[in-house]
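Visitor: Residue numbers (the numbering used here): 3 to 158. Even glycine gets a Cβ: it sits at the ideal position worked out from N, Cα and C.
(1) Under a Cβ-count criterion, where at least 16 other Cβ atoms within 10 Å of its own Cβ denotes burial, should residue 63 be classed as buried or exposed?
(2) With a cut-off of 8 Å, do at least 3 Cβ pairs link the region 129 to 139 to the region 105 to 115?
(3) Considering only DSSP beta bridges, list what residue 91 is partnered with.
(4) Determine contact between the region 47 to 66 and the region 81 to 90, defined as no fewer than three beta-carbon pairs at a distance below 8 Å.
(5) DSSP three-state call for residue 23: helix, strand or coil?
(6) Return the first residue and the last residue of the alpha helix (DSSP H) that residue 76 is part of.
(7) When we look at the beta-carbon of residue 112 and count the other beta-carbons within 10 Å, is it buried (16 or more) or exposed?
(8) With 16 as the cutoff for other CB atoms within 10 Å, does residue 91 come out buried or exposed?
(9) Quick check: the region 57 to 73 against the region 35 to 48, are at least 3 beta-carbon pairs closer than 8 Å?
(10) Using alpha carbons as the reference points, say which of 39, 125, 138 lies closest to residue 29.
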């Protein structure tokens, strides 16, 4: 997580919703603050354990190579689910489909939310935006990591 270019979601949360962030999980930076490591987030601590945190949600706010779930993350997710936490997963791998994690969530009252999973009733290209009268700004970039999300967050 110590590379903000790989953690756009986490950095965005620290920058724009820092008051809702309890800690950042990254064992490589444990003991330091978000402000020290990332330049945003002030005194929000980096931790290497979920123990003692008063949190109800674990946001997986980093992109991995290929969008896959690293094996080393399973223990962290399992700990969070064991504490009844909600997991917001931004990876391309849908963890709600993982039988072991789904079982843990059900057993402990946790929840697995795959934010990239399209809704079953998704309608593509209905052209309804042309009928609205609100002001709209379309952010476009030629690649990932060029500032589309940050621009949209700054404008809202």
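Guide: To lay it out plainly:
(1) Looking up residue 63 in the chain shown gives position 61. So residue 63 counts as buried.
(2) no
(3) Within the chain shown, numbered from 1, the residue matching residue 91 stands at position 89. Secondary-structure assignment with DSSP links residue 91 through a beta bridge to 62, 116.
(4) Cβ pair count under 8 Å is three or more, so yes.
(5) As a first step, residue 23 must be located in the chain shown, where it is residue number 21. Coil.
(6) On the chain shown, position 74 is the one that residue 76 refers to. According to the DSSP assignment, residue 76 belongs to the alpha helix (DSSP H) that extends over 75 to 84.
(7) Locating residue 112 in the chain shown gives position 110, counting from the first residue. Looking at its Cβ environment, which holds 16 or more other Cβ atoms inside 10 Å, residue 112 is buried.
(8) Against the chain shown, residue 91 aligns to sequence position 89. Burial call: buried.
(9) no
(10) Taking the chain shown and counting its residues from 1, one reaches residue 29 at position 27. Residue 39 is the option with its Cα nearest to residue 29.
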